[in-house]
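Below you'll find the structure, written out as structure tokens, and then a few comments.
Protein chains: 2
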Amino acid sequence: MTLSQTPTPLATLIARTQALDGGRKKGALHGGVVTQLRNLIVTGVLAPGAKLNEREICEQLAVSRTPVREAIKTLIQDGLLRALPNQSAVVAELDLDHVTALIDVVTTIEGLAGELAARNISEEAIAEIGLLHYRMRLHHARDELPGYFEANTAFHRKIVEIAANPVLLWVWDLLALRVDRARYSSNLWPTRWKTAIEEHQGILDALSARDSAKAGEALRQHVRNGLSGLVAALSGEQKDPPQNRPDDKPIG
Amino acid sequence: MTLSQTPTPLATLIARTQALDGGRKKGALHGGVVTQLRNLIVTGVLAPGAKLNEREICEQLAVSRTPVREAIKTLIQDGLLRALPNQSAVVAELDLDHVTALIDVVTTIEGLAGELAARNISEEAIAEIGLLHYRMRLHHARDELPGYFEANTAFHRKIVEIAANPVLLWVWDLLALRVDRARYSSNLWPTRWKTAIEEHQGILDALSARDSAKAGEALRQHVRNGLSGLVAALSGEQKDPPQNRPDDKPIG
DNA sequence: GGGGCGGAAATTGCATGCAAGCACTCATGG
DNA sequence: CCATGAGTGCTTGCATGCAATTTCCGCCCC
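Top line first, the protein sequences correspond to chains A and B.
The first sequence runs contiguously to residue 252 in the numbering used here.
The second sequence runs contiguously to residue 1252 in the numbering used here.
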């Protein structure tokens, strides 16, 4: 009753994902709940502004309130939820302003990652990046957006890993959550597919050449382009009334 | 008994801070515990590697395990604690590598902040920055390190605020925790005092002139210098055996 | 008809109880 | 003397109970 105006009770939506308690060890509930809820938020099943009723989540996930409460706290830290004292946590809004703000930060972070990665990169890492690039091309050719999506995230994260800076990776992971959320929210993306692949090629080339400045710049351009397009798409969608579309399948 | 080898039981240390339950409203315990523990970690009272026994913290802070557990989870997210399944959380190490990794990220982030701030800055904001700058000079002249320290943090944070990018501010706050921790850990800093003040002057000038590139560069230089000096200091201290010095007062 | 108010239900925040897992001790054997 | 293993106590992880606060509903008054 509390969660958004969706006619479908969240029950089904959560239940659809998985039952969460598969022969679990002791310390697995908290993490499991976090993952579950995070996915629901990032993919947009839980619409911005929706209230999270602890009891309801407990019932759906078949766990007690303790791990649920801890999970909610975690997601608040991640910025996916907003907390009000003595009130239900609500899914954080996805203002255009906020997504716009992401552009500069993510661009800068990924640019740094590119610069650092180009310096450290090993032959093995080059091959791994290349592999992901071609996985993306394959998914593109087959028109498999979800697969492309996943490979794309892996591609970018791999570059950050190669940068070999744990703090950078930590920040990137935090930001990636928000970027993914924005991406899921704007389900028109394919326009940039081809361009994105060309840009990826450029990034790969720069990394292979160990050209730090070029890799950084290529990544900055690529990320900025992608996120700007995303903002444009979102601002176009802004006309849709804040009602959440029922059963808004993630992408495909 | 569990918390580090310090002869002084943590009891006194925590008790010294404050009793935590001053006519509290309902939703204040969790935040209070987080703040308390965070301060203890950042200031180094809780040495890296120290185990956090839930029961003990409960007794010292006179709250039950629930808020303490939630606080610990929060601090794990912040990267101040490390979690081991079914084991006590431990204070995160402060590797030299980790602090070194901070340099590039914080430098980049503050550089971005400078660039953005220079574009948006209002006359009022310029005045506020200037005020903080002169507060620092005053504290410097009076040789009041803690006051300088506080004003310094406010100065930097203010610039990020002026940048008017909520995501940037969020990331900065997260990073600032780690920077402060490293700073507290190396208690020799005054060498850079004068230089730092000159650099601050340069930053202030660039911001006043609304010269984006210059402000960004000035901040990058300043932050890099500061953190590099910090790393140098830490790597010098590295000789001290990993034993934590008893009653290592934060700064002076 | 609209707005303010009172009370009850519901919800969060905190405290506590119980079970599983780890660490530590101490005895034993090589 | 050192390594090994069983037993015990402590610690975390989860479930649940209780109190304070919010919210929601109906009612009354204007």
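C-beta atoms are modelled at their ideal positions from N, C-alpha and C, and glycine is treated no differently.
Here the structure is a predicted model, which means the values were calculated and not measured.
With respect to the C-alpha of L138 of chain A, the residue from A:N152, A:A127, A:A125, A:I126 having the closest C-alpha is A:N152. Against chain A, the CB of E1054 of chain B has no partner CB under 9 Å away; the residue lies outside that interface. In the three-state reduction of the DSSP assignment, R181 of chain A falls in the helix class, which pools H, G and I. Here N1165 of chain B is buried, its C-beta having at least 16 other C-beta atoms within 10 Å. Contact check between the region 99-106 of chain A and the region 1156-1171 of chain B: three or more CB pairs, one atom from each, fall below 8 Å, which counts as touching.
Sequence-distant partners of E1093 of chain B (beyond 5 residues in either direction) whose C-beta falls short of 7 Å from its own C-beta, in its chain, are P1048, G1049.
Residue range 89-91 is occupied by the beta strand (DSSP E) that includes A89 of chain A. For P1085 of chain B, no alpha helix (DSSP H) run applies, since DSSP gives it neither H nor E. Taking C-beta separations shorter than 6 Å and ignoring five residues to either side along the sequence, the partners of F155 of chain A in its chain run L132, following chain order. Taking A1233 of chain B as reference, the option from B:L1219, B:T1191, B:A1218 with the minimal CA-CA separation is B:T1191. Under the three-pair Cβ rule at 8 Å, the region 1024-1038 of chain B counts as touching the region 1065-1074 of chain B.
Nearest in C-alpha terms to R1069 of chain B, of all of B:G1079, B:R1142, B:N1225, B:I1057, is B:I1057. Note that the C-beta distance between G1032 of chain B and L1061 of chain B is below 9 Å.
Closer than 7 Å at the C-beta level to chain B, one finds these residues of the region 72-85 of chain A: K73, T74, Q77, G79, P85. Spanning the alpha carbons of A1113 of chain B and G111 of chain A requires a straight line of approximately 15 Å.
The straight-line gap separating the alpha-carbon atoms of G1130 of chain B and I1162 of chain B is approximately 13 Å.
Along the region 42-120 of chain A, the alpha helix (DSSP H) occurs as fully enclosed runs of 4 or more residues at 54-61, 65-78, 96-120, listed in sequence order. When 8 Å is used as the limit between beta carbons, L1168 of chain B is near these residues of chain A: A101, D104, V105, in chain order. Taking C-beta atoms as the reference points, V1106 of chain B and L1227 of chain B count as a pair closer than 9 Å. At a cut-off of 9 Å, the C-beta of K51 of chain A has no neighbouring C-beta in chain B.
Distance from the CA of V63 of chain A to the CA of K158 of chain A, rounded to the nearest whole angstrom, comes to 35 Å.
Taking 9 Å as the cut-off, the Cβ atoms of A118 of chain A and R210 of chain A count as close.
Classified as exposed, R55 of chain A has fewer than 16 neighbouring CB atoms from the shown chains inside 10 Å of its CB.
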